[in-house]
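According to our numbering, the sequence shown is numbered sequentially starting from 7. See below for the structure under consideration.
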Amino acid sequence: MSYPIFFQPADGWVGDLIPFQKDGEFWLYYLHEIRSDPKPGTSWNLVTTKDLIQFQDHGVALPHGTGTDLDFNAYTGSVVVDEAGLHHLFYTGHNPNNLGPDGLPLQLVMHATSSDGMRTWVKHPGHTFGAPGGYESGDWRDPFVFRDEAAGQWRMLIAARHSAGPERRRGVIAQCVSTDLITWQYTDPFWDPRRYITHECPDVFAWGDWWYMVYSEFSETFTTRYRMAKSPDGPWTVPDQDSIDGRAFYASKTAERDGRRFFFGWIATKEGKHDGGAWQWAGTMSILEARQNADGTLGFGFADELVDSFWDEVPVSFDRALPARLEAPDGYAAAVSNEDLPAQFYAKAVLDIEPGTTECGLLLRSSPDGDHSYVLRLEPKRGRLVFDRWPRTITGDAQWHVSGDVPFAIELERPCDLRPGKHTLEVVVDGDLCVAVVDRQVALSTRIYDLAAGRIGVFAGEGSATADLEVRKRTDN
């Protein structure tokens, strides 16, 4: 019997996460999404984990308000603890009936405290505040509070928008400061690139000599990105590969334990539970571990705890022995297993890519001939990992009604360094969830609905690669 890899409550979906580490245990608050009509208010629920593998769901932690309260929806925020040990929770209060001067529902920063170790929270409505002049009153959310020891104060970052300027370039991370976590003063913006619609779910942390700013881009692409600086005041620089994952992994925020930094986000569901459906808000929790490279940039991959939890080998056989050299100088070569894989597994392919190779990678839930499958494709010439599937969307009976002009699943493209030599492609599949990682540096998450079962394969196109493969599963003993 296997047990789930990715947490999702039985009665809903996981929205934005607010992680907090306490005594070695991660307290993972999350927006509890219930898809019903009429839509109920949104509460903060809580799940905890000590090992990143097993999760305990505690249900509602911060209840939302009534239909007349300012926090009918209790949206994203942060948790900190002060010098006296009192925990402070800051969150976004929203009520669709509470309109601002522009006719849009107000978003407000609200405050709660806990004196019993976060078992219960007391709300403080009198501490509520909204956007000052110059900012849109309907975009004032996701307060993230952190301690600036050098300045002797607390700093609050807020996802906001200027009230003037090009409509889709008004996004700004606004900033307030406080000495007591109760009274807040508006100050200069923390980051003001005039580039995006909004920078959702801001997060800032220090690691060694570097500071990192994390935000979720609500603009041309929906993805979580990061910036680097030598101080929390910037200037912030853009790493060559600045995204955490692709389109499906969103609103990621971070927590640290024992010098390790983890990113907690959600993998979106799709409408109708099929591959061609539109992405939806909220889904299933997923965790990536960041690894700090020598130059300060971050790589993203699975935590060792997750990989080590797959301890049982899944026997797979091929018509040729692995490792196998797949050689196709001007064509395509593949090896597909003789067995279907279980619905849940971990696979690791080591691919030794020769110079000039156009593509290689893994086939998932493949037909015996490899023609119908999901595809994790490494493209060295383009320096990217992409997710693909075949057949693609079919719009009619004629040959040209197949979406052959769509090169891969749009929004599921990740840049990566694929110079000749050995590269490791890892993948975790659990039901309709799939997360792939290249060299513990580049992550790509998605949903896989339409092909419910099948085999695994390795392939190469227009070049040569030597492929080795191992597959393991989890068993609840």
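Glycine residues also receive a C-beta, built at the ideal position from the N, C-alpha and C atoms.
Nearest to W190 by C-alpha distance, out of D198, A156, Q181, Y36, is Q181.
Around D375, the same chain offers V342 as residues with beta carbons nearer than 8 Å, after the five sequence neighbours per side are excluded.
By the C-beta criterion, the segment 353 to 361 is judged to be in contact with the segment 428 to 435, since at least 3 inter-stretch pairs fall below 8 Å. G271 is bridged by DSSP to S292.
Taking a contact as a CB-CB distance under 8 Å, the pair V220 and K276 does not count as one, their CB atoms being some 25 Å apart. Apart from the 5 residues on each side of it in sequence, D318 sits with its Cβ closer than 8 Å to the Cβ of R478, K479, R480, T481 in its chain, given in chain order. When the beta-carbon positions are compared, L163 and I188 stay at least 7 Å from each other. Under the 8 Å Cβ criterion, the segment 134 to 148 counts as touching the segment 67 to 82, having at least three qualifying pairs. In summary, T290 is buried, with 16 or more beta-carbon neighbours lying within 10 Å of its beta-carbon over all protein chains present. Counting only residues of its own chain and dropping the five nearest sequence neighbours on each side, D154 has a CB closer than 6 Å to the CB of R161. Our two residues, I359 and V434, have alpha carbons roughly 22 Å apart in a direct line.
The DSSP assignment places 141 to 154 as complete runs of the beta strand (DSSP E) inside the segment 113 to 156, in order along the chain (cut-off: 3 residues). When only Cα atoms are considered, M234 and F306 end up about 15 Å apart. Between S169 and Y141, the CB-CB gap stays under 7 Å.
V412 and V381 have their C-alpha atoms roughly 14 Å apart.
As a beta-bridge residue in DSSP terms, N79 pairs with H100.
At a cut-off of 3 residues, the continuous stretches assigned as beta strand (DSSP E) that sit fully inside the segment 288 to 332 are 304 to 307.
Assigned with DSSP and collapsed to three states, R263 falls in strand. In summary, Q62 is exposed, with fewer than 16 beta-carbon neighbours lying within 10 Å of its beta-carbon over all protein chains present.
Here the C-alpha atom of A309 lies approximately 5 Å from the C-alpha atom of E295.
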